[in-house]
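Let me begin by presenting the structure, written as structure tokens, before commenting on it.
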Amino acid sequence: MTTTAKRPSIALTKDDIRPTLVRMTLPMLAGMLTLMTFNLVDTFFVSMLGTEQLAALSFTFPVSFTLISLAIGLSIGTSAVIAKALGAGELSAARTDGQVALWLSAILVAILALAGYLLTEPMFTAMGASASVLAYIRQYMDIWFIGAVLLVLPMVGNAVLRAAGDTRTPSLIMAGSGLVNAILDPILIFGVGPIPALGIQGAAIATVISWLVGSVLIIHLLVKRDLITTSAITLAEAIAVCRKILRIGAPAAGANMLTPLAMAVLTAIMASYGEAAVAAFGVGARLESIACLVVLALSMTLPPLVSQNFGAGLLHRVQQAYRDSGRFVMLWQFAVFVVLAALAPLLAKLFSSDSEVVRIICWFIWIVPLGYGLQGVIILTNSSFNALHRPGSALVLSIIRLFVFYVPLAWLGGQLYGVTGLFVGCVVANIITAAIAWRWFNRTLHTTKQERG
């Protein structure tokens, strides 16, 4: 047994909370920044093919993110289960959990990807894609669905590493995969030498190859570090582990899959304003993934700390970590908004020469990021609920945010003031939901402390 398997890289139940979160989050942030930047490269190169191709990529986002959300949910369940086991000193159980999590995730994603492959045309037609745009969607998504299993393996494998307190290695794997994607994108999209220009299809192939690289690396590392067992597991053991993971992972996946569902509804609403609006909305969504990187990194590093301290009964450390993280993201995301607002025209023109697309991207940047700090509080609350093994609360919070406030208020704003009104509705929804989330989690933690005496 290796030293890495015996104890977490960082003592999550003992080290000072703020420095611990910084040490865990910085490498994760670096890896995610690299990965997200290279993913944005996809949008940049595809935008050079034309507005229809850019619109096609925008249409694919809600559907592709549905599978990504399933993978995220399963990784949340995996991290919570393994981190709690490590916090309680159950090392053998943690290794068994890791192996079963990889198999379970691969099987579930394969099933969903097959369904998506078979239902591609009716799904995107229902979202408002025209026949010409649908042809480009098919070129991209057929390949994307075929390689989808390779997407989930690095995500769940990285969750195993994070549960043990190692965030540096996952960041390197993400960065490496993103680099492969960025190098292959222009080669496969536009062609080089004997390699033909494959257009939007080339972007999908580059993505799948980058996933393959990440899958090989993560499985090799997990086996080498003895973080997953390589011994045979009985069916009864596998079922028991699946239940543990799915008890958290299924609601977490459901909560995450609500986001692309809401995005699909918003994309359909945007389609009523024309293909330029859809293309601009797609660019805005990808810029959002960069703008919220710190929040996303914290949402991956905070849960292992919460889960291990929850398993060890140190709820005061859980409360401090949650409050410090929430206050930080509010200040950070306001600073991000100021920078984005100043750079809006430059960023918009980087992704399109179409004046209408540029105009809508600018309005997106000037309005929607105002709510990113509040959105960050909601995301951290969701991840903390899952880490406390309360996935039902996280699911209900997601439903409240997206379908009680976000979509209805965005639709109402659009009806009253057009595209800009839709963007304002998104911000108002985040304000209301963040207030609910902050109060709800703190009350839950207080109740848990009283129950434990």
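The sequence shown begins at 5 in our numbering and counts up by one.
Where is the CB? At the ideal position from N, CA and C, for every residue including glycine.
Distance between residue j and residue i (C-alpha atoms, nearest Å)
| i | j | result |
| --- | --- | --- |
| Asp19 | Ala266 | 39 Å |
| Gly286 | Ala60 | 9 Å |
| Leu138 | Leu116 | 20 Å |
| Leu350 | Ala186 | 22 Å |
| Leu406 | Ala236 | 42 Å |
| Ala316 | Ala87 | 10 Å |
| Gly258 | Val400 | 10 Å |
| Met334 | Pro198 | 50 Å |
| Thr171 | Gln419 | 44 Å |
| Ala210 | Arg321 | 43 Å |
| Ala268 | Val67 | 8 Å |
| Tyr421 | Ala272 | 17 Å |
| Val310 | Arg327 | 12 Å |
| Asp101 | Ile147 | 31 Å |
| Pro12 | Ser219 | With a pLDDT of 44 at Pro12, under the threshold of 50, the modelled position of that residue is not reliable, and no figure is offered here. |
| Ile294 | Val196 | 29 Å |
| Ile364 | Trp415 | 16 Å |
| Glu94 | Ile193 | 48 Å |
| Arg331 | Leu297 | 16 Å |
| Leu33 | Ala167 | 16 Å |
| Ile141 | Ser134 | 10 Å |
| Ser329 | Ile382 | 11 Å |
Sequence-distant residues of the same chain with beta carbon closer than 6 Å to residue i, five excluded per side
| i | result |
| --- | --- |
| Gln379 | Asn434 |
| Ser109 | Leu78, Val156, Val160 |
| Val372 | Phe427, Cys430 |
| Ala130 | none |
| Gln323 | Leu449 |
| Arg99 | Ile232, Thr233 |
| Ala391 | Ala84, Pro307, Val310, Ser311 |
| Ala242 | Val104 |
| Lys453 | Leu319 |
| Pro395 | Ile252, Pro255, Ala256 |
| Gln337 | Tyr376, Gly377, Gly380 |
| Leu221 | Ile177 |
Bridge partner(s) assigned by DSSP for residue i
| i | result |
| --- | --- |
| Val196 | Ile199 |
Helix, strand or coil at residue i according to DSSP, with G and I counted as helix
| i | result |
| --- | --- |
| Arg331 | helix |
| His450 | helix |
| Ala438 | helix |
| Tyr410 | helix |
| Asp170 | coil |
| Met178 | helix |
| Thr17 | coil |
| Asp189 | helix |
| Gly132 | coil |
| Leu78 | helix |
| Ala87 | helix |
| Leu123 | coil |
| Gly161 | helix |
| Met145 | helix |
| Leu61 | helix |
| Ala152 | coil |
| Asp101 | helix |
| Met28 | helix |
| Gly422 | helix |
| Leu53 | coil |
Contacts around residue i, its chain only, beta-carbon distance under 8 Å, and the 5 residues preceding and following it disregarded
| i | result |
| --- | --- |
| Ile404 | Thr437, Ile440 |
| Trp444 | Thr385, Ser397, Leu401 |
| Thr47 | Leu58, Leu61, Gly286, Val287, Arg290, Phe355 |
| Thr55 | Glu279, Ala280, Ala283, Ser356, Asp358, Val361 |
| Tyr144 | Ala60, Leu61, Thr64, Ile204, Gln205, Ala207, Ala208 |
| Phe314 | Lys88, Gly91, Val322, Ala391, Leu392, His393 |
| Ile249 | Leu78, Gly81, Thr82, Val85, Asp101, Val104, Ala105, Leu108 |
| Phe69 | Thr263, Pro264, Met267 |
| Leu16 | Thr24, Ala87, Gly91, Gly169, Pro308, Leu309, Gln312, Asn313 |
| Phe476 | Residue 476 lies beyond the residue range present for the chain, which begins at 5 and ends at 457; the question has no answer from this structure. |
Own chain partners of residue i with C-beta closer than 7 Å, once the 5 adjacent residues on each side are dropped
| i | result |
| --- | --- |
| Tyr277 | Val423 |
| Leu225 | Thr173 |
| Gly375 | Cys430, Val431, Asn434, Ile435 |
| Gly425 | Gly417, Gly418 |
| Ser136 | Glu56 |
Cβ-heavy atom distance, residue i to the ligand MN, below 7 Å
| i | result |
| --- | --- |
| Gln454 | By its list of ligands, the structure shown contains no ligand whatsoever, and the ligand MN lies outside what it can speak to. |
Quick check on the DSSP output: what are the complete alpha helix (DSSP H) runs of length 4 or more inside the region 193 to 280, in order along the chain?
204 to 228, 239 to 275
Just list the alpha helix (DSSP H) runs in the region 372 to 409, keeping only unbroken ones of 4 residues or longer that don't cross its boundaries, in chain order.
Counting whole runs of 4 or more residues, the region 372 to 409 contains the alpha helix (DSSP H) stretches 376 to 391, 395 to 403.
List in chain order: all unbroken alpha helix (DSSP H) runs of 4+ residues lying wholly within the region 288 to 345.
297 to 315
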